[in-house]
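Below is one structure, written out as structure tokens; comments come after it.
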Amino acid sequence: MLSEDTIRPLQRVAITTLGCKLNYAESAALHARFVERGFTVVAEDVAADVIVVNTCTVTDAADAECRKIVRRHLRTSPDAIVAVTGCFAQLQPESIASIDGVRGVFGTAEKLSLPDRIAELQTAASPRIYVRETSDMMDFAEARSVESDGRTRAFVKVQDGCDYNCSFCTIPLARGGSRAMPFEALCRELDRLDAERFREVILTGVNLGEFKASSGERFVDVLRYIASRERSYRVRVSSIEPNTISDEIIDVVSTNSVFCPHVHTPLQSGSPDVLRRMRRRYTTERYRDRIMRLHDRVPGLAIGIDVIVGFPGETQDHFEETVSFLASLPWTYLHVFTYSERPNTPAATYPDAVPMSVRRARTARLRAMSDERRLAHARRSAGDVREVVTESYDADRQRWIGWTDNYVRVAVDLPFATGRSAVRVRLGDVIDDTTVGMVDGFVIAP
Ligand code: SF4
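Residue numbers (this note's numbering): 1345 to 1790.
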């Protein structure tokens, strides 16, 4: 064990984030907490004193990926203190603690306490594990993400956990039951982002449509509060379960321009039989009804859909049902996941596993469908005038990349020094894959 006088001052922390927008929001909260404690947050490829890996279980090979990332960091920073957190850390703490170089493992409930425990890791003789049972996770850890070099985008985590029991999913095991940010605190946060002139707010959660504040408000009340006055920002809903898209929600988002014309909602399968075995809470008829109602009410709506292929027992006929169901809907892009068995889920024990080569071929077929639709969406946008909020800088081509409200990826010809910004642009032609060029435009907010 290190004695007090051998403890070196720690200054730089590098954070690697895997997985969903919720994880990114929580990493941003970690970032802010480290900064409050005097750390400098550095890029992942820069030598650091502390390394944090915020994991996910959705990736096929979470374990291998985590080991690879830790090894990569330790090549740059051999003496760094490595702490691993997130859903995978919650589910497999012992396995992570056994990775060479890992000094601390933090479950999902302990994630935000990580910056306060670095000193304990520094002096511990062996890896420390801080993981609580998910049944104890009743509290709501707030997290939001603010771009550090420009007040343009904020992710606001409004809900966490899930009470559903989809047969393939480990998220309820990793994040516990559904809980919501207190409504008053959420309203204050939304107003503060407005006062600070943010340009885009992304509402995130595991199962947003199940938002239920202790004071009784539901997700539609959050949307109504946002729409109750003019905002400096536009609002994007990261993803919402189709069975929770009520007529009231459709009414609010379709009649208030603060909401981006963009919805992302999981289908998972277009086969009624597979959907039942996945224990999803809707039928294909209900899914179609929700999508068509939104499509009819919101002009130019971009629709994103999650699909899982290769679920146990998914025959070629089931898969073809999914293909033709998708072909009949007006969506814009797909996120296609190749099914992989997750420990401790019912589906992992189901018979008739689909061979991996078949799963991969089905994935490729749906991704090709998705590429075609995404391209068509981008081409249709030529000539539109829209606000783009930039996200990342493409140093090779010296341009910013951002998204319109209706989810067209746009290359914006602005120098790096402009920083992240909101830009009103006229969209040009597709310039590579599905990125649209800018014809002309002006910066609204740097
Ligand atoms: S709705 Fe289903 S898939 Fe989504 S987090 Fe809950 S259990 Fe998992």
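No residue lacks a Cβ here, since even glycine has one placed at the ideal position from N, Cα and C.
Beta-carbon separation (whole angstroms), residue i vs residue j, contact threshold 8 angstroms
i            : j            : result
residue 1650 : residue 1611 : 7 angstroms
residue 1871 : residue 1573 : The requested residue 1871 is not part of the displayed model; the chain covers only 1345 to 1790.
residue 1578 : residue 1749 : 6 angstroms
residue 1780 : residue 1753 : 7 angstroms
residue 1584 : residue 1609 : 6 angstroms
residue 1842 : residue 1774 : Only positions 1345 to 1790 of the chain appear in this structure, which leaves residue 1842 out of reach.
Where residue i falls, given that 16 or more other Cβ within 10 Å makes a residue buried
i            : result
residue 1412 : exposed
residue 1575 : buried
residue 1432 : buried
residue 1618 : buried
residue 1701 : exposed
residue 1708 : exposed
residue 1653 : buried
residue 1761 : exposed
residue 1656 : buried
residue 1776 : exposed
residue 1540 : exposed
residue 1605 : buried
residue 1470 : exposed
Beta-bridge pairing of residue i - partner residues as DSSP gives them
i            : result
residue 1608 : 1648
residue 1556 : 1562
residue 1677 : 1648
residue 1544 : 1497, 1578
residue 1514 : Paired residue(s): none; residue 1514 is not in a bridge.
residue 1536 : In DSSP, residue 1536 forms no bridge with anything.
residue 1584 : For residue 1584, which the question treats as bridged, DSSP gives no partner whatsoever.
Rounded C-alpha distance that separates residue i from residue j
i            : j            : result
residue 1538 : residue 1462 : 34 angstroms
residue 1691 : residue 1756 : 45 angstroms
residue 1597 : residue 1458 : 37 angstroms
residue 1715 : residue 1665 : 20 angstroms
residue 1764 : residue 1437 : 37 angstroms
residue 1416 : residue 1687 : 27 angstroms
residue 1739 : residue 1531 : 38 angstroms
residue 1551 : residue 1582 : 10 angstroms
residue 1743 : residue 1637 : 37 angstroms
residue 1388 : residue 1787 : 30 angstroms
residue 1498 : residue 1704 : 35 angstroms
residue 1355 : residue 1717 : 47 angstroms
residue 1628 : residue 1518 : 28 angstroms
residue 1535 : residue 1626 : 35 angstroms
residue 1721 : residue 1553 : 27 angstroms
residue 1476 : residue 1516 : 14 angstroms
residue 1367 : residue 1684 : 21 angstroms
residue 1712 : residue 1472 : 45 angstroms
residue 1682 : residue 1401 : 13 angstroms
residue 1751 : residue 1468 : 47 angstroms
Query - Inter-stretch contact at 8 angstroms, needing at least 3 Cβ pairs: the stretch 1519-1535 / the stretch 1553-1568 - result: With the cut-off at 8 angstroms, the stretch 1519-1535 and the stretch 1553-1568 touch.
Report task. Please determine if the stretch 1439-1451 and the stretch 1361-1368 are in contact, where contact requires at least 3 C-beta pairs separated by less than 8 angstroms. Result -> Under the Cβ criterion (8 angstroms, minimum of three pairs), the stretch 1439-1451 does not count as touching the stretch 1361-1368.
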